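Each residue of the sequence shown is one higher than the one before, counting from -11 in my numbering. Reviewing the structure listed below.
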Amino acid sequence: MAPNETREKVEEMTKAMASAVRLVVMYGEDHKLTKETVEGLFLVLDGILSVREEVTVGVIGNEIAFEKEPLYETSRQMPGFIEHLRKIEVEKITFFRGISKAELVDFCSVLAGRGRTDEEAMGIERALDSREVRHIVLGKVAPAKKKGEEAPGVSVRKNYQDGIDFLEEESGKIEKKQPLNVKMARHLVANLISDIIKNKNLLLILTSTRSHEESVFVHDVNVAIFTLLQAESLGIEHRFLTDIGIAALLHDVGKLSISGDILKKDGQLTEEEKTLVSLYPANGAKILLETPGISALPAIVAFEHQMLYDMSGYPKRLYGKKDNFVSMLITVASFYDTLRSKNLYREGVAAEKTYEEMMRLSGKYFHPDILNNFFSIIGVYPPGTLVEMDTGEIGIVIKESVIDMKRPQVEILYSADGEREQKSRLFNLLETDRKGKYMCSVARSIAPSDKYGIPGKYF
């Protein structure tokens, strides 16, 4: 769908939404005119979402806007609707692929203030949640960026932290046996997909700079990023990426139900505790199967991701021979992030050693083609890795090389005598001299320390 055509469809969708809300106010949701208008809204929205993962409209001042551009003509035709949205403090509405007509009816009814009696004191967002409207998210319009602020970097860092905060909040819900917020998970994954398309290297840098935190929440966000990178590189259709991302983000949901004290014992478990840990994939699958508004894929992945390629892991499969393809992507992503990190289980492993160990397990723990593709995406030294050059200088990898996975682009941070560089210098390790010899190479990766730290701009 061409940009102009998309804009026209969004304008048509916005007009239909305003009409549907007005008709609910006048006649209720069961009136023939209301049903016909909601049907028209659904058809337009379904057409837009057949080529997009989501579509967002917002209220900026007295205008309805799409992708930061006001829809002037449409706005002039519906001042009353815009004023109503401002009055009920709805600044942004995001529709996600998979939305149903029933959800649209409930959405229009709640927006019109014609909800059930028990919803009056809830507020709009809680009312939508109570009706299990999973494919519509309300929010605030982001403030205009400040002078000198690097908006893309700020946005990527915020989306990353939002994922961590979301998982921490959901872990509390699991303990209380409350349903997971699938709608928010869908929203967060959509943001990560957008970041991967627009700013992949900064996202990878964040996975490296945050990898030493002892947090299952950081791990799960990293796994979601690594899995989406693999899926996108393999050309998997965009309409499937959200479900894949949700599956990756929630693959450890069963582990979130286990006491943190047990997980920190690092191998010193009682037989009862060992059984509890070994059952977490099955428990995670059960939680996800009982979660409304989510596809079956996350439950499958939660159950399978520890089985490994040769089925030597756990739980033991009673039927079938191989894992789901997405489970195999997540197995690689999860094992990599665990192995390279200083987390609950072991000390950090140098980037090159992580690569060597995983390649040694190719065909056993991992599908060989999937593993090769994974390292072709991130390289042996992923963005965010501190490296010592054969010149003695210390730098940080800022971009992988598609030509040679061991020769990334590096920003030099410290001179050979350990002094902090005042001016940024970039090395492309593919550069050669007149004799065809490489100008410099990575000698080894190193862990951040008091002596060699990572600049704050990368966090």
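Glycine included, each C-beta is placed from N, C-alpha and C at the ideal position. Predicted model only: the values in this text are computed from it and were never measured.
Environment of residue i [buried if 16+ CB atoms lie within 10 Å]
i, result
"A8", "buried"
"T448", "Because the chain here runs from -11 to 447, residue 448 falls outside it and cannot be looked at."
"R449", "Only positions -11 to 447 of the chain appear in the structure, and residue 449 is not among them; the question remains open."
"N360", "exposed"
"V(-2)", "buried"
"Y369", "buried"
"L31", "exposed"
"V390", "exposed"
"D438", "exposed"
"E91", "buried"
"R348", "exposed"
"I185", "exposed"
"D18", "exposed"
"S329", "buried"
"T319", "buried"
"R74", "exposed"
"V314", "buried"
Residue(s) in a DSSP beta bridge with residue i
i, result
"V43", "F83"
"Y426", "T420"
"I275", "DSSP lists no partner for I275."
"F354", "S350"
"M377", "V430"
"P58", "A53"
"I48", "E51"
Start-to-end residues for the beta strand (DSSP E) that takes in residue i
i, result
"N416", "408 to 416"
"R432", "430 to 434"
"G477", "Any answer about residue 477 is impossible in this case: the structure gives the chain only from -11 up to 447."
"A53", "51 to 54"
"L401", "397 to 402"
"L244", "Note, L244: premise wrong, no beta strand (DSSP E); not H, not E."
"V382", "Looking at the sequence provided, one finds Ile at residue 382 rather than Val. Looking at the DSSP string, the run of the beta strand (DSSP E) that includes I382 is 382 to 387."
Backbone CA spacing between residue i and residue j [nearest angstrom]
i, j, result
"Y324", "T342", "7 Å"
"I449", "P269", "Given a span of -11 to 447 for the chain in the structure shown, any question on residue 449 remains unanswerable."
"G151", "S199", "14 Å"
"S63", "E51", "5 Å"
"F291", "Y297", "14 Å"
"R(-5)", "G233", "27 Å"
"F449", "G16", "An answer regarding residue 449 cannot be provided, because it is not within the stretch -11 to 447 covered by the chain."
"H355", "D392", "21 Å"
"R395", "A339", "13 Å"
"K188", "F69", "38 Å"
"L238", "S403", "42 Å"
"S38", "E409", "50 Å"
"P494", "E157", "Absent from the model: residue 494. The displayed extent of the chain is -11 to 447, so no value can be given."
"L116", "V177", "20 Å"
"I246", "Q149", "23 Å"
"I124", "V211", "25 Å"
"V459", "E24", "Residue 459 lies beyond the residue range present for the chain, which begins at -11 and ends at 447; the question has no answer from this structure."
"S300", "A235", "22 Å"
"S118", "S97", "13 Å"
"I386", "P303", "38 Å"
"L317", "E388", "20 Å"
"Q65", "K310", "57 Å"
"G127", "I81", "7 Å"
"E113", "L99", "10 Å"
"A219", "V398", "26 Å"
"K243", "F95", "34 Å"
"M5", "L180", "28 Å"
"E41", "L59", "21 Å"
"G380", "F214", "31 Å"
"E345", "G367", "14 Å"
"S364", "A173", "28 Å"
"L191", "D208", "14 Å"
Bounding residues of the alpha helix (DSSP H) (the contiguous stretch that carries residue i)
i, result
"A339", "339 to 348"
"Q218", "204 to 221"
"M299", "Segment: none, M299 is in no alpha helix (DSSP H) and carries neither H nor E."
"L99", "89 to 99"
"K188", "170 to 197"
"S322", "313 to 328"
"K394", "That residue, K394, is in no alpha helix (DSSP H); it is neither H nor E in DSSP."
"G68", "67 to 75"
"V26", "20 to 37"
"V121", "Segment: none, V121 is in no alpha helix (DSSP H) and carries neither H nor E."
"T230", "226 to 237"
"L285", "285 to 292"
Proximity test, residue i beta-carbon vs the ligand MN heavy atom, cut-off 7 Å
i, result
"D18", "In the structure shown, the ligand MN is absent, as is every other ligand, since no ligand is present at all."
task = Give a yes or no on contact between the segment 418 to 433 and the segment 365 to 380, applying the rule of three or more CB pairs nearer than 8 Å.
result = yes
Report task. Determine contact between the segment 416 to 427 and the segment 348 to 365, defined as no fewer than three beta-carbon pairs at a distance below 8 Å. Result -> no
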